[in-house]
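*Asks:* I'd like to ask some things about the structure below.
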């Protein structure tokens, strides 16, 4: 299968994944999203949790502080992009405080900005320390990305002029096109293998790079643009990008991968 045919398949996935929907329900008085899908790790253990209410969100952030105080590094990211009420940010930031409530308020702010949050606790100083980023540090991504990843889910989300995302249904490629496997090699080459439902197999190869800011780029990724690596671990990878010049308006893309 030549590259133009492969991109026709990816374009078809993008087209299938877009769903025009109505506006989000009315916001609560505190202007905080009610529903979230949180992927998080405590040390080496990765989990996902669906949160339906503000109270569950507050309880989760209390748990983050507790785990950190016990000596764990906790990392979390909201996979449900439609709950952001601010245009996703790209700039990394850090924060340190001995006040638990201040730490929770900072985590809420960074989650609203679409960032991944890292929290730890220093027993010597009695302070919680936080870091937030759009892309995982380049060194971390380079160490974890090598290997084969199954392209699990694509979500295509339209945003309004203020950067507020609207709901869009996720699309699972293998339900229509079969498996789509991305193999990242440590020599800087990326192989895309498509295994359609009819049993045939096709592949293409191109280079891949990471910028100094940890952004991932390859001609074999949709839009041929830079993607934020919002989450990467030994088992999962989540990347996002924004297309501000689309004929359909401002579009945010999210691709979710599972390691093979």
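Residue numbers (my numbering): 1124 to 1383.
Where a beta carbon is used, it is the ideal one built from N, C-alpha and C, also for glycine.
(1) Spatial neighbours of residue 1147 within its chain, please: C-beta separation below 6 Å, excluding the five flanking residues on both sides.
(2) To the nearest angstrom, how far is the alpha carbon of residue 1223 from that of residue 1189?
(3) Once DSSP output is grouped into helix, strand and coil, what is the label at residue 1227?
(4) According to DSSP, residue 1339 sits in a beta bridge with which residue or residues?
(5) Measuring only the C-alpha atoms, how far is residue 1319 from residue 1378?
(6) Buried or exposed for residue 1171, going by 16 or more other Cβ atoms inside 10 Å?
(7) Measure from the alpha carbon of residue 1324 to the alpha carbon of each residue in 1237, 1254 and 1316, then state which is nearest.
(8) Give me the Cα-Cα distance between residue 1247 and residue 1380, rounded to the nearest whole angstrom.
(9) Can you check whether the CB of residue 1220 is closer than 8 Å to the CB of residue 1113?
(10) Using beta-carbon positions only, say whether residue 1373 and residue 1361 come within less than 8 Å of one another.
(11) Indicate the three-state DSSP secondary structure (helix, strand or coil) for residue 1312 in the structure shown.
(12) Is residue 1187 helix, strand or coil by DSSP?
(13) DSSP three-state label for residue 1171, please.
(14) Output the boundary residues of the beta strand (DSSP E) element that contains residue 1262.
(15) Exposed or buried, which one is residue 1194 when buried takes at least 16 other CB atoms within 10 Å?
(16) Which partner residues does residue 1245 have in the DSSP bridge list?
(17) Excluding five sequence neighbours on each side, which residues of the same chain lie with their C-beta closer than 6 Å to the C-beta of residue 1200?
(18) Spatial neighbours of residue 1175 within its chain, please: C-beta separation below 7 Å, excluding the five flanking residues on both sides.
(19) Quick one: Cα of residue 1262 to Cα of residue 1313, how far?
(20) Return the CA-CA distance between residue 1273 and residue 1252, expressed in angstroms with no decimal places.
(21) Enumerate in chain order the residues of its own chain whose CB-to-CB distance from residue 1196 is below 7 Å, with the five nearest sequence positions on each side excluded.
(22) What number of angstroms, rounded off, separates the C-alpha of residue 1281 from the C-alpha of residue 1249?
(23) Using a Cβ-Cβ cut-off of 8 Å (strictly less than) and excluding sequence neighbours within five positions of residue 1151, which residues of its own chain qualify?
(24) Just the Cα atoms here: how many angstroms apart are residue 1383 and residue 1202?
(25) Count the other CB atoms within 10 Å of the CB of residue 1233; is the residue buried (16 or more) or exposed (fewer)?
*Replies:* Answer, in terms of the structure:
(1) Caution is warranted here: a pLDDT of 40 is assigned to residue 1147, below 50, making its placement in the model unreliable, and the coordinate value is therefore given only provisionally. Around residue 1147: no qualifying Cβ.
(2) 10 Å
(3) helix
(4) 1333 and 1350
(5) 19 Å
(6) exposed
(7) Closest by alpha carbon: 1316.
(8) Between the alpha carbons of residue 1247 and residue 1380 lies a distance of about 38 Å.
(9) The question about residue 1113 has no answer here: the residues shown for the chain are numbered 1124 through 1383.
(10) no
(11) strand
(12) helix
(13) strand
(14) Here residue 1262 belongs to no beta strand (DSSP E); instead the alpha helix (DSSP H) covers 1261-1268.
(15) exposed
(16) 1250
(17) 1162, 1239, 1353 and 1354
(18) 1157 and 1158.
(19) 18 Å
(20) 34 Å
(21) 1166, 1241 and 1243
(22) Taking the Cα positions, residue 1281 is about 43 Å away from residue 1249.
(23) With a pLDDT of only 41 at residue 1151, under the threshold of 50, the placement of this residue in the model should not be trusted; the figure read from the coordinates follows. Result list for residue 1151: 1157 and 1177, in chain order.
(24) 20 Å
(25) buried
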